[in-house]
Every structure is written in C-alpha cells, then in structure tokens.
Amino acid sequence: MTICSPKKSPMGVSYSLPRSISSILLSIGGLAVFLLFGSCVLVSHPIGSAVQAYFLSVDPFGKPALFRQSNARTDGHGEAVVIQTFAMSNGRNPLLSSVNASNDSPGLNSGANDGNFEDASAPITSINPNNTKAVDGGSCDLYHGKWFYDPAGPLYTNNSCPIITQMQNCQGNGRPDKEYEYYRWKPSQCDLPRFDGRKFLKLMRGKTLAFVGDSVARNQMESLLCILWQVESPKNRGNRRMQRWYFRSTDTYIARIWSSWLVHKTTDAFGFAPEGMDKLHLDLPDETFFDLLPQFDVVVLSSGHWFAKRSVYIHKGEIVGGQLWWPDKSRPMVVDNVKAFGISVETILTAISTHPNYKGLTLVRSYSPDHYEGGAWNTGGSCTGKTRPAEDSEVAENGFTKAMHGRQVAGYEAAVRANNGSSIVLMDVTGAFGYRHDGHPGPYRSLDPNKKTQRGPHGEPPPQDCLHWCMPGPVDTWNELLLETVRREFEGGGGGRTV
Numbered sequence: 001m002t003i004c005s006p007k008k009s010p011m012g013v014s015y016s017l018p019r020s021i022s023s024i025l026l027s028i029g030g031l032a033v034f035l036l037f038g039s040c041v042l043v044s045h046p047i048g049s050a051v052q053a054y055f056l057s058v059d060p061f062g063k064p065a066l067f068r069q070s071n072a073r074t075d076g077h078g079e080a081v082v083i084q085t086f087a088m089s090n091g092r093n094p095l096l097s098s099v100n101a102s103n104d105s106p107g108l109n110s111g112a113n114d115g116n117f118e119d120a121s122a123p124i125t126s127i128n129p130n131n132t133k134a135v136d137g138g139s140c141d142l143y144h145g146k147w148f149y150d151p152a153g154p155l156y157t158n159n160s161c162p163i164i165t166q167m168q169n170c171q172g173n174g175r176p177d178k179e180y181e182y183y184r185w186k187p188s189q190c191d192l193p194r195f196d197g198r199k200f201l202k203l204m205r206g207k208t209l210a211f212v213g214d215s216v217a218r219n220q221m222e223s224l225l226c227i228l229w230q231v232e233s234p235k236n237r238g239n240r241r242m243q244r245w246y247f248r249s250t251d252t253y254i255a256r257i258w259s260s261w262l263v264h265k266t267t268d269a270f271g272f273a274p275e276g277m278d279k280l281h282l283d284l285p286d287e288t289f290f291d292l293l294p295q296f297d298v299v300v301l302s303s304g305h306w307f308a309k310r311s312v313y314i315h316k317g318e319i320v321g322g323q324l325w326w327p328d329k330s331r332p333m334v335v336d337n338v339k340a341f342g343i344s345v346e347t348i349l350t351a352i353s354t355h356p357n358y359k360g361l362t363l364v365r366s367y368s369p370d371h372y373e374g375g376a377w378n379t380g381g382s383c384t385g386k387t388r389p390a391e392d393s394e395v396a397e398n399g400f401t402k403a404m405h406g407r408q409v410a411g412y413e414a415a416v417r418a419n420n421g422s423s424i425v426l427m428d429v430t431g432a433f434g435y436r437h438d439g440h441p442g443p444y445r446s447l448d449p450n451k452k453t454q455r456g457p458h459g460e461p462p463p464q465d466c467l468h469w470c471m472p473g474p475v476d477t478w479n480e481l482l483l484e485t486v487r488r489e490f491e492g493g494g495g496g497r498t499v
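Per the UniProt record's numbering, the sequence shown starts with residue 1, numbered consecutively.
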C-alpha cells in the first residue's frame with residue numbers, strides 16, 4: 001500500500017490525505033457545480049417542465065402525473081388507450097376519445113406518452129376511493145350519469161364465486177375480452193360507492209331480502225351473493241318453494257322466489273281460452289310469493305320479459321287480450337302485452353302497499369333492456385362483438401323497451417295513491433343500461449367447446465343471449481344501487497322515488 005508523505009499544518013500538526021480521497025473530493029465538487037448550473041438551465045428552458053414532471057410527478061399542465069397515467073390502460077393487445085366515459089344525462093351526447101399508442105409493457109402507458117392523450121373535448125374520469133360525496137342523505141339522483149372505466153376491476157371473479165349460473169359465466173364459457181367487467185356507474189350529482197359487503201350485512205342485520213320475479217331477478221340475486229361471498233360464505237337454507245341463503249354473522253337471509261309475471265296464473269280452460277295455456281289474471285297478485293310477504297323486510301321485484309310469451313289476459317273475470325294468441329278476430333282485443341304489463345305492475349304494487357302485515361321496503365327494478373340488434377332473440381338479433389359501453393350514436397332506440405318502461409312507470413305511479421305505509425322505490429336503471437350492449441353473454445352461453453361464436457358465411461349470427469348479464473359484469477351495479485337505497489332507507493335518509 002502506498003502512503004503519502006506527511007506534511008506540516010500551520011498549527012504544526014502532521015496530517016496526510018491519500019491521493020484517491022483527494023480525487024474523490026475534487027470530483028464531487030465538480031459534479032456539484034455542474035448540477036447547480038444544469039438545474040438553472042433546465043428550469044429556465046422549456047423542457048424544464050418535463051424534468052419537473054419526471055421527478056416531482058407533476059405534468060407540464062399542472063396535473064399529478066399519477067392521475068394522468070391512470071387514464072391510460074392496455075386493451076389486452078399491447079395498445080394503450082384513453083379511458084372513456086359514457087354519459088347518459090338528458091339526452092346529451094357523451095364526450096368520448098380513444099387514442100392508440102405503442103406500448104411495450106402490459107401495464108400503464110409511460111408518462112412520456114401522456115401528452116398524446118390530452119384532449120379538451122374528452123373528459124377523463126379519475127377515481128377517488130376516499131370520496132364520501134355519495135353519503136348525501138338521499139338527495140342525489142342515482143340514475144342519470146355516465147359509465148367510466150375503473151382499473152380496480154370487478155368485486156369478484158367467476159373463480160371466486162361458486163354459484164354463478166353457467167349461462168352467465170361468460171369468462172368460464174370462453175369469452176375472450178374482459179373490458180366489460182371494468183366499467184362502473186357514476187351518477188352526475190354524486191359518487192356511487194363500490195359495494196361494501198360488511199356494510200350491507202350490517203344494515204341487513206336480522207332481516208330478510210327477497211328477490212321476486214323472473215330469471216333476471218335470479219341474475220341479480222346471484223350477483224349479490226357473489227359479492228357477499230367475498231366477505232362470508234353463506235349456508236344454503238332453501239327449499240322447493242324458495243331459494244334462501246343464510247349469513248350467520250348478522251342473521252341475514254337472501255331469498256329468491258320465482259314468479260314469471262307477478263300476477264295470478266292458471267292453466268285451466270277459461271271462456272274461449274283452452275286448457276293448458278297460461279292465463280294471467282291481471283288484477284290478482286301471484287299467491288306464490290304474496291302469502292310469504294310478511295316474512296320479508298326488503299323485496300326486489302323483476303318482471304316484464306315474460307309478457308312476450310304466449311298467454312291469455314284476464315281482467316275482472318273477462319278475457320281482454322292475449323299475446324301470440326287471439327283466435328276470434330271478430331272480437332276486439334282490448335289489452336296487448338305492453339298494456340298487460342302496466343296493469344300487472346299497478347296490481348302487484350297496490351296489493352303490496354295495502355298489505356296489512358307488510359311494512360317493508362319494496363324496490364321495483366325497472367325493465368332490463370336487451371340488446372338484440374338486427375332482430376329479436378329468435379329472428380337473428382345479435383350482440384356479438386360488443387366489448388365496451390355504447391356511445392350515444394350507437395344507442396338505437398328500442399321501441400318495445402321504451403313502451404314497456406313507460407307502462408311500468410305509469411303502473412308504479414298509479415299504485416302510490418293506495419300506499420299504506422310501506423316504502424316503494426323505483427330503481428330506474430333502464431336508461432343507463434341501454435348503453436351496456438357489451439354486458440351480455442352473447443354466444444358465450446355454455447362450456448360447449450364446439451359452440452359457434454362467430455357469424456356464419458352469410459352473416460347470420462350464432463345463437464346467443466343478449467338479455468341476461470355476464471357475471472361479473474354490469475349487473476353488479478344494480479346491487480350497488482340496491483345498497484345505496486337500503487342505506488338511505490335504514491339510516492333515515494329516505495330519497496329516491498319513494499312513497
């Protein structure tokens with residue numbers, strides 16, 4: 001080892017410094033001078049803002065770089081795209097933007113490309129999980145707003161829930177895209193919180209919630225169970241008359257009762273209607289669930305789609321119409337299926353609101369729109385290839401859906417006049433879900449490895465389901481709306497369209 005010869009200090013003290021240490025000190029001093037000079041130049045130069053963005057996580061426009069990056073994602077093919085928002089409010093067109101840029105990583109796009117996405121005409125929705133604006137006492141309209149992309153993803157997966165009906169298990173059935181699982185609903189006036197399973201069970205402590213109606217009611221019930229399953233595994237306590245699941249921690253039951261039309265049905269011969277046909281007594285409630293009503297604290301009603309089925313309509317003891325049936329052309333048909341639906345809604349809600357032993361909360365989930373484009377379910381209608389919510393320009397008005405929704409609302413409003421103290425809320429989801437043509441199983445309805453998923457050589461679509469909803473998927477939003485409605489009711493906020 002080489003040692004430097006000692007030198008005398010002015011105080012007469014000997015010291016020595018290795019040459020290597022002297023070199024290091026000189027290098028550090030030079031580097032400090034360089035950085036000081038460089039920082040002055042960069043701050044004054046236009047690219048200084050870019051350097052600030054890199055080090056300080058602030059972009060040249062004064063926005064946190066982290067939030068700007070959260071607006072970029074990959075589409076599953078290595079392409080980064082701007083997150084779109086889909087607005088549905090008073091018929092105004094949504095402001096949408098989509099820009100592709102190369103991206104070698106499977107994650108978020110780099111901050112260097114953020115400038116390509118800046119567009120004043122394309123509003124970007126950022127997510128603040130700590131926002132408590134939703135808890136507003138019930139004054140916020142939950143049903144006008146927009147769909148936004150939430151990178152947090154769904155509340156469960158098809159692998160974390162054991163009770164998904166196979167026809168709604170879109171990922172399990174081979175659907176290749178998943179973007180439809182990532183869009184959430186944002187009301188215009190407030191934020192709709194992500195579903196909190198523990199909060200829901202706490203609100204429902206010692207209570208029973210029943211879904212009553214058709215297969216779309218089953219769709220929503222299974223969605224709710226899948227969400228709650230992530231908190232607690234329930235016990236199956238059902239029977240032939242009623243599906244029922246028990247959450248022991250809060251003594252809560254979630255039940256479902258099948259009722260296709262919600263009104264009384266017979267198959268016996270009646271007048272000129274032969275035996276064997278379904279005959280709907282539009283002025284009588286369906287005793288299948290009506291007799292059980294006092295057992296429930298919250299009831300969610302779902303109906304409408306079975307009114308497209310072949311049936312006979314009876315009102316006040318007379319045949320007044322039919323669907324896909326009217327043999328006597330000399331007799332005028334007074335009630336078609338749309339009118340019959342409206343009458344049935346008024347009948348069941350009036351009966352519920354005047355029931356002497358039921359004072360619970362009743363939610364009428366409005367008509368669930370289907371998306372059979374180019375035809376009906378049995379005449380070539382299709383939702384194949386839809387992978388994200390529709391833009392305003394893509395939403396085709398469905399005359400039947402509009403008519404059914406209108407009659408349902410009219411029936412609801414007519415029933416409130418006879419209310420006897422129970423709360424009835426209209427969950428008016430029809431307009432918002434008109435944008436979700438991407439949320440249906442389409443051709444991915446089964447595990448069949450040989451199922452057709454593409455159009456045929458002449459453009460004919462494969463068999464598909466454009467009525468029910470994938471799970472996870474948009475249907476989970478119904479239960480976020482359900483939780484908010486229950487919260488308002490049980491915490492004393494009220495609100496919504498309640499009577």
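No residue lacks a Cβ here, since even glycine has one placed at the ideal position from N, Cα and C.
Inter-residue Cα distance where the pair is residue i and residue j
i: Pro472; j: Pro332; result: 46 Å
i: Ser446; j: Leu481; result: 29 Å
i: Trp377; j: His305; result: 12 Å
i: Ala432; j: Gly322; result: 31 Å
i: Asp297; j: Leu361; result: 6 Å
i: Arg455; j: Asn173; result: 18 Å
i: Asp448; j: Asn169; result: 13 Å
i: Tyr367; j: Ser303; result: 7 Å
i: Asn337; j: Lys451; result: 33 Å
i: Val486; j: Pro154; result: 21 Å
i: Phe490; j: Phe200; result: 11 Å
i: Trp325; j: Tyr313; result: 10 Å
i: His355; j: Ala217; result: 22 Å
i: Ala269; j: Gly276; result: 7 Å
i: Gln464; j: Gln243; result: 27 Å
i: Leu301; j: Asp214; result: 9 Å
i: Gly399; j: Gly381; result: 15 Å
i: Tyr182; j: Ala152; result: 7 Å
i: His405; j: Thr430; result: 7 Å
i: Gly271; j: Lys329; result: 15 Å
i: Met167; j: Lys386; result: 17 Å
i: Lys265; j: Thr165; result: 26 Å
Best match in the options for proximity to residue i [C-alpha to C-alpha]
i: Arg205; options: Pro461, Thr250, Lys316; result: Thr250
i: Lys279; options: Phe289, Val263, Ala396, Leu292; result: Val263
i: Asn159; options: Cys226, Gly399, Val212; result: Cys226
i: Glu232; options: Thr350, Gly197, Asp283, Lys309; result: Gly197
i: Asn479; options: Gly399, Pro389, Val364; result: Val364
i: Val334; options: Ser344, Glu318, Pro441, Val345; result: Glu318
i: Ser344; options: Phe307, Gly145, Asp428; result: Phe307
Beta-carbon contacts of residue i that lie in its chain and below 7 Å, excluding the five residues immediately before and after
i: Asp370; result: Cys466, Leu467
i: Gly459; result: none
i: Gly342; result: Arg407, Gln408, Ala410, Gly411
Unbroken alpha helix (DSSP H) run spanning residue i, endpoints
i: Lys199; result: 197-203
i: Leu228; result: 215-229
i: Leu483; result: 475-490
i: Ile343; result: 337-353
i: Thr401; result: 399-415
i: Thr430; result: 430-433
Limits of the beta strand (DSSP E) - the one that residue i falls within
i: Lys279; result: 279-285
i: Arg244; result: 243-247
i: Val300; result: 298-302
i: residue 521; result: Nothing about residue 521 can be reported from this structure: the residues present for the chain run from 1 to 499 only.
Proximity of residue i and residue j at Cβ, strictly below 7 Å
i: Arg256; j: Phe290; result: no
i: Leu426; j: Tyr435; result: no
i: Asp283; j: His315; result: yes
i: Asp150; j: Gln189; result: no
i: Ser259; j: Val475; result: no
i: Asn239; j: Trp469; result: no
i: Tyr444; j: Arg237; result: no
i: Tyr253; j: Thr208; result: yes
i: Pro462; j: Thr453; result: yes
6 Å CB neighbourhood of residue i in its chain, flanking five on each side removed
i: Thr350; result: Ala415, Ala418
i: Pro234; result: Trp245, Tyr246, Phe247
i: Arg388; result: Glu179, Asp438
i: Ser311; result: Asp278, Leu280, Gln323
i: Thr477; result: Trp185
i: Ser383; result: First, the residue type needs correcting, since residue 383 is Cys and not Ser in the sequence shown. Result list for Cys383: His371, His437, His440, Gly442, Cys466, in chain order.
i: Glu346; result: Gly411, Ala414, Ala415
i: Val320; result: Tyr313, Val334, Val335
Beta-carbon contacts of residue i that lie in its chain and below 8 Å, excluding the five residues immediately before and after
i: Glu484; result: Ala134, Leu142, Leu192, Pro193
i: Asn357; result: Leu293, Pro294
i: Phe195; result: Leu155, Ile227, Asp476, Asn479, Glu480, Leu483
Closer than 7 Å to chain D by CB, residue i
i: Tyr182; result: Annotation note: the requested chain D is absent from the structure, which comprises a single protein chain.
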